[in-house]
Amino acid sequence: MLNQAEDITLEELKQGSEQHLRKVYEDNRDKFINFAKRYNLPQDDVIDVYQDAYVAFYNNIMSGKIETMTSSISTYLFSIGKYLIFDKMKKNNKTISSDYNMDIVRDQEDVMENITIDNQELTHEQQLLKTHFTSLGKQCQELLKLFYYRGFTIKDILAQGNYNSENVIKSAKSRCLKTLKERINSNS
Amino acid sequence: MTNDDLLYHYFSNTLTEAQTREFNKRLEMDVQFAAAFEFEKNLKRAIIQEANTNLKTRLKGFERDIKSEEQRNKTKGFRWKIVASIVFLVGASWLGYTTFFGVDYNELYVSNFQEYPNTEFAITRSDAIDSPERKAFVAYEAEDYGNAIKNFESIPTVDYKAYHKFYMAQAYLKLEEMDKAKSLLESIVFENEKFIGESQWYLALIALKKKDKREAIQQLRTLTEHYTYNQSKAEALLKALD
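Just so you know, the protein sequences line up as chains G and S, in that order. For the first sequence, UniProt numbering begins at 1 and goes up steadily by one. For the second sequence, UniProt numbering begins at 1 and goes up steadily by one.
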């Protein structure tokens, strides 16, 4: 299958520059709106679903669930978008006609096999962690994001050249976690 | 192997088979280990959610840009026909009016515009990380606005902060790219982000630059009614426009 954003690599997307994120957004937006027309949703809802699908797609890249692009970016976005639309319709108690299921394209089903979509609300503890995480110093936030969001190993972080040794990174990470725990405990 | 080591391997997806068995055993038997695991698992989810929120905000910004571009294109086609038919008549009378009685919008803009200083990112020589954010603010302080924008745009999503948009808008203002600055400032106001009062002020200045009196008055009124930033200057401008 042709990849319509061939000039943008997975690695470039991971870097998350404004330019690349915008290009993928613009390249796929109109196609997604056309694709979603069959579900008779208001335009604002379609845009909202498109953005949520984009976020979920990006998350799967960052978590390593998508390691190589086996389909075009639009196939990923359509597949995730369709899942989210069905989910939205179910929540609104709208019935899904069997025609919709007949529309499912084989490679879209394949794509979804490796994708994780997390649309659960944060628990109270997670919400607290999120709040206190943003109050940490810049270096702590950066380090923890590299580890937990980008899935970097200590070696990957060392290779970036901002720390002198693996032990320094391990100690820094422990200190950051300790600070976070202390802040949460002093708040509760 | 320590608890920390086991957790590290779990979260970096590098557990061996033997380590996985040990990991599951401790999870069942060791309360402290189970609590530490739960904490890191929750933290991971919280960090991912934080990054998701930031990304969604950026996508909404792209959407607003697309919509305003569509709106501009829609009105452009209509506008040129009527503009062509009345330009001669209005042009002549407007010229006479502004010369003798009108407001000198450019003068008002120039005398009120002052780029906002960097109050968000402390640049120190000892900074170990030469991040895109640091490069952006170094360029901004060196008045190299083109490079500042380039670096702001290359800041990864995970590092995105609401104030980046504000300083990017400042850089566009200095380069006299009013529409780009306007779009960023409008999105700050829309998202109710940091620098909202300041953004309102600069939106009023953009309206002055565009000689859009009605818009300038509206922005200044919002500023004086809801925010404290540049109150007296805004009131003075309102008087000048009255």
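Yeah, the Cβ is synthetic: ideal placement off N, Cα and C, and Gly gets one too. In this text the structure is predicted, and so the values were computed from the model without any measurement.
Taking 7 Å as the threshold (beta carbon to beta carbon), is residue i in contact with chain A?
| i | result |
| --- | --- |
| S/Arg45 | No chain A appears in this structure, whose protein chains are G and S. |
Is residue i buried or exposed, if buried means 16 or more other CB atoms sit within 10 Å of its CB?
| i | result |
| --- | --- |
| G/Arg38 | exposed |
| S/Phe190 | exposed |
| S/Ala18 | exposed |
| G/Pro42 | exposed |
| G/Gln19 | exposed |
| S/His226 | exposed |
| S/Gln231 | exposed |
| G/Leu180 | buried |
| G/Met102 | Confidence in G/Met102 is poor, its pLDDT being 38 and thus under 50, which makes the residue's placement too unreliable to answer from. |
| G/Ala36 | buried |
| S/Gly146 | exposed |
| S/Val158 | buried |
| G/Gln160 | exposed |
| G/Thr9 | exposed |
| G/Asp44 | exposed |
| S/Asp242 | exposed |
| G/Ile33 | exposed |
| G/Ser17 | buried |
| S/Gln114 | exposed |
| G/Asn167 | exposed |
| S/Ala142 | exposed |
| G/Val105 | Interpretation of G/Val105 is limited by its pLDDT of 45, a score under 50 that renders its predicted location unreliable; the figure taken from the coordinates is listed afterwards. With fewer than 16 other Cβ atoms within 10 Å, it is exposed. |
| S/Pro117 | exposed |
| S/Met29 | exposed |
| G/Asn92 | exposed |
| S/Met1 | exposed |
| G/Gly64 | exposed |
| S/Ala139 | buried |
| S/Asp65 | buried |
Say whether chain S places a C-beta atom closer than 7 Å to the C-beta of residue i.
| i | result |
| --- | --- |
| G/Leu122 | yes |
| G/Tyr25 | yes |
| G/Gly81 | no |
| G/Asn162 | yes |
| G/Glu11 | no |
| G/Ser46 | For the sequence presented, residue 46 of chain G should be read as Val rather than Ser. Chain S, which has no Cβ nearer than 7 Å to the Cβ of G/Val46, makes this no. |
| G/Phe78 | no |
| G/Gln43 | no |
| residue 189 of chain G | Residue 189 of chain G is absent from the structure shown; chain G starts at 1 and stops at 188. |
| residue 229 of chain G | Because chain G spans 1 through 188 in this model, residue 229 of chain G falls outside it and cannot be assessed. |
| G/Tyr22 | The displayed chain sequence assigns Arg, not Tyr, to residue 22 of chain G. Chain S contact via Cβ: present. |
| G/Glu182 | no |
| G/Phe133 | yes |
| G/Val55 | yes |
| G/Ser165 | no |
| G/Glu125 | yes |
| G/Gly137 | no |
| G/Glu67 | no |
| G/Ser17 | yes |
| G/Ile61 | no |
Does the CB of residue i have a neighbour CB from chain G at under 7 Å?
| i | result |
| --- | --- |
| S/Glu50 | yes |
| S/Gln219 | no |
| S/Glu153 | yes |
| S/Val158 | yes |
| S/Leu59 | yes |
| S/Phe195 | no |
| S/Lys67 | no |
| S/Lys56 | yes |
| S/Phe62 | yes |
| S/Asn106 | no |
| S/Asn42 | yes |
If contact means a Cβ-Cβ distance below 8 Å, which residues of the region 171-185 of chain S contact chain G?
-> Cβ contacts with chain G: none found.
Any chance you could list the alpha helix (DSSP H) runs of at least 4 consecutive residues sitting entirely within the region 120-178 of chain S, in chain order?
-> Within the region 120-178 of chain S, the complete alpha helix (DSSP H) runs of at least 4 residues fall at 132-141, 145-153, 162-174.
If contact means a Cβ-Cβ distance below 9 Å, which residues of the region 141-153 of chain G contact chain S?
-> From the region 141-153 of chain G, only Gln141, Glu142, Leu144, Lys145, Leu146, Phe147, Tyr148, Tyr149, Arg150, Gly151, Phe152, Thr153 have a Cβ closer than 9 Å to chain S.
Near-chain G residues of the region 12-31 of chain S - C-beta to any C-beta below 8 Å | Cβ contacts with chain G: Ser12, Asn13, Thr14.
Counting only runs that start and end within the region 19-90 of chain G, where is the alpha helix (DSSP H) found for 4 or more residues in a row?
-> Fully enclosed alpha helix (DSSP H) runs of 4 or longer: 43-62.
Ignoring anything shorter than 3 residues or poking outside the region 123-164 of chain G, list the beta strand (DSSP E) runs there in chain order.
-> DSSP runs (the beta strand (DSSP E)) wholly in the region 123-164 of chain G: none.
Compile a chain-ordered list of the residues in the region 194-215 of chain S whose CB is closer than 9 Å to at least one CB of chain G.
-> Within the region 194-215 of chain S, no residue has a Cβ that lies closer than 9 Å to any Cβ of chain G.
Taking only runs that begin and end inside the region 14-65 of chain S, name each unbroken alpha helix (DSSP H) of 4 or more residues, in chain order.
-> Listed in chain order, they are 17-29.
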